[in-house]
Amino acid sequence: MPELPEVECIRRELSRSLCGATLRLLWLRRRDIVVGAATPRALLSNSRVHQINRHGKQLAVISDSGAVLVVRLGMTGQMLLLRAGEKPPEHSHAAWSVSYARRRDVLVFRDPRRFGRLETYASADAQNEAWNTLGPDALTISAALLAEALASRRVPIKSALLDQHLIAGVGNIYADEALFRARVHPCAPTNTLSKAMFARLARAIRTVLKESIACGGSTLRDYRTPSNERGQFVEHHRVYGRSGLLCLKCGTPIAALKVSGRTTCYCPSCQTREPTAPKRGGDARS
DNA sequence: CGACTCTCCTGCTGGC
DNA sequence: TGCCAGCAGGAGAGTC
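In the numbering used here, the protein residues as written are 17 to 302.
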């Protein structure tokens with residue numbers, strides 16, 4: 017499922033392919049995936065792509081006309097670039113022709129499970145207003161910002177990390193991976209985390225997201241880049257999807273439980289529920 | 001407001 | 001071999 021690293025990989029590839037090109041809406045097979053006006057104009061038909069931005073897991077395609085199309089991929093959403101004439105795969109809901117200087121391609125929004133959405137905005141201001149309800153972007157989150165966003169919550173830290181209004185971009189995979197790297201138990205109440213724990217967690221979130229981007233993201237099953245490539249970061253997962261296997265650090269079997277209804281994998285030995293007791297001579301180094 | 005639970009969706013998996 | 005329940009999960013809506 018696309019989380020921040022996957023969406024960032026998609027953004028980079030789409031930026032290379034679409035910026036400066038003109039889109040034309042070819043078809044919209046399902047009106048119900050569109051939030052807002054679903055007119056060709058709102059869907060950027062006959063608009064030139066100026067820029068593609070990302071915040072958290074969302075993409076914003078900014079057009080020269082001022083209209084903005086926000087793409088939310090949900091669990092199984094894909095933005096695919098097909099050659100003209102290539103048959104769009106099943107569950108493709110919208111398609112645009114992409115005019116370049118010399119060739120044409122087809123951009124397709126595909127989403128089998130249909131948790132994804134296309135949101136249309138008449139202006140960048142309207143779109144910014146929507147993004148302002150999201151928390152700070154996880155890729156550059158600082159310890160201070162993370163603590164500020166979360167510290168007053170009493171829910172398990174894992175639940176807080178999944179709430180896009182608190183911090184944007186972390187989903188189930190990277191929440192588990194970051195908590196493991198920060199040695200924080202997923203059920204630890206957020207308001208009991210020490211300053212040192214928030215510092216480790218912020219660093220772990222940035223690191224794991226950057227490493228995943230460098231690997232092209234994590235493909236469990238559905239995720240593909242616009243040119244249909246799989247991401248390779250699954251091979252670097254330390255806890256997610258490793259329930260019952262041994263912790264790579266200490267050899268304890270990785271455990272699984274449910275937090276906020278989400279499968280959560282963690283190492284019962286490496287990840288502590290309580291702040292580390294300060295050692296003689298000061299708090300543990302991060 | 002915060003914290004839960006429910007709901008939307010399809011495709012894969014495991015049990016019988 | 002075939003059927004079906006169960007599960008996966010992002011995020012908004014609804015409830016308390």
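The beta-carbon is built from N, C-alpha and C at its ideal position, and this holds for glycine as well.
According to the DSSP assignment, residue 213 belongs to the alpha helix (DSSP H) that extends over 211-230. Here residue 166 is near residue 206, since their CB atoms are less than 8 Å apart. Here residue 205 is bridged, per DSSP, to 172.
Beyond the five residues adjoining it in sequence on each side, residue 176 comes within less than 6 Å, by CB distance, of 166, 169, 182 and 206 in the same chain, given in chain order. Between residue 137 and residue 37 a beta carbon distance of about 20 Å is seen, past the 8 Å cut, so the two are scored as non-contacting. Looking at the DSSP output, residue 68 bridges to 77. Judged by DSSP in its simplified three-state form, residue 21 adopts helix. In this structure, the CA atom of residue 122 is about 42 Å from the CA atom of residue 159.
For the 8 Å CB-CB criterion, residue 72 and residue 153 form a contact. The continuous alpha helix (DSSP H) containing residue 197 extends over residues 188-198.
Per DSSP, residue 248 lies in no alpha helix (DSSP H) and is assigned neither H nor E.
With 16 or more other Cβ atoms from the protein chains shown falling within 10 Å of its own Cβ, residue 20 counts as buried. Judged by beta-carbon spacing, residue 80 lies beyond the 8 Å limit of residue 61, meaning their Cβ atoms are not closer than that value. Per DSSP, residue 180 is not a residue of any beta strand (DSSP E), being assigned neither H nor E. In the displayed model, residue 156 falls within a helix according to three-state DSSP.
Each of 174, 84 and 35 was checked against the Cα of residue 114, and the nearest Cα belongs to 35.
Taken through DSSP and simplified to helix, strand or coil, residue 33 comes out as helix.
The stretch 256-267 makes contact with the stretch 275-286; the number of CB pairs closer than 8 Å reaches 3 or more. Around the beta-carbon of residue 252, fewer than 16 other beta-carbon atoms lie within 10 Å, marking it exposed.
Between the stretch 198-217 and the stretch 239-249 there are fewer than three inter-stretch CB-CB distances shorter than 8 Å, so the stretches are not counted as touching. For residue 232, same chain residues with a beta-carbon under 6 Å away, outside a window of 5 residues either side, are 25, 247 and 248 in chain order.
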